[in-house]
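**Q**
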Amino acid sequence: MSMSSPISSGPTLLAKVSAEHARILTPDALDFVAGLARAFEPARQQLLVRRAQRQDELDRGMKPDFLPETRAVCEADWTIAPVPAELADRRVEITGPV
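As structure tokens, this is what we get:
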């Protein structure tokens, strides 16, 4: 069976839908998905444009860096606590499949 949704400005199913799938792809479910598409499509398109721009930057050799708002953390003089003795003794470390 083929199914298409009469929802304006929303997704339309063009593929054959089995009876089992038709139980899931109800008009209410398709209305819900159409609402999501209408609500989030502009933001999704912006993210795709930004993704392509970022990929272009990386392709041109730009290296990833930390976010400017985390600079204080990156440049601060901080350390971690000493490693516990139980973790420092690596004789019992498992390094392969068990």
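Numbering (my numbering), first residue to last: 1101 to 1198.
Here a beta-carbon is modelled for each residue, glycine too, at the ideal position from N, C-alpha and C.
(1) Where Ser1104 and Ala1122 are concerned, what is the direct C-alpha to C-alpha distance, given to the nearest angstrom?
(2) Tell me the rounded alpha-carbon separation between Asp1131 and Leu1125.
(3) Could you give the first and the last residue of the continuous alpha helix (DSSP H) run that contains Val1117?
(4) In terms of alpha-carbon separation, which member of Pro1142, Phe1140 and Thr1112 lies closest to Arg1129?
(5) Does DSSP put Arg1191 in a helix, a strand or coil?
(6) Return the CA-CA distance between Arg1150 and Arg1191, expressed in angstroms with no decimal places.
(7) Where Gly1161 and Gln1153 are concerned, what is the direct C-alpha to C-alpha distance, given to the nearest angstrom?
**A** Reading off the structure:
(1) Only weak support is given to the placement of Ser1104: the predicted model assigns it a pLDDT of 49, under 50, and the value that follows is read from those uncertain coordinates. C-alpha separation (whole angstroms): 11 Å.
(2) 10 Å
(3) Where Val1117 is concerned, there is no enclosing alpha helix (DSSP H), given that its DSSP letter is neither H nor E.
(4) First, the residue type needs correcting, since residue 1129 is Ala and not Arg in the sequence shown. For Ala1129, the nearest C-alpha among the options comes from Thr1112.
(5) Three-state result, Arg1191: helix.
(6) Each residue's CA atom was taken as its position, placing Arg1150 and Arg1191 some 48 Å apart.
(7) 13 Å
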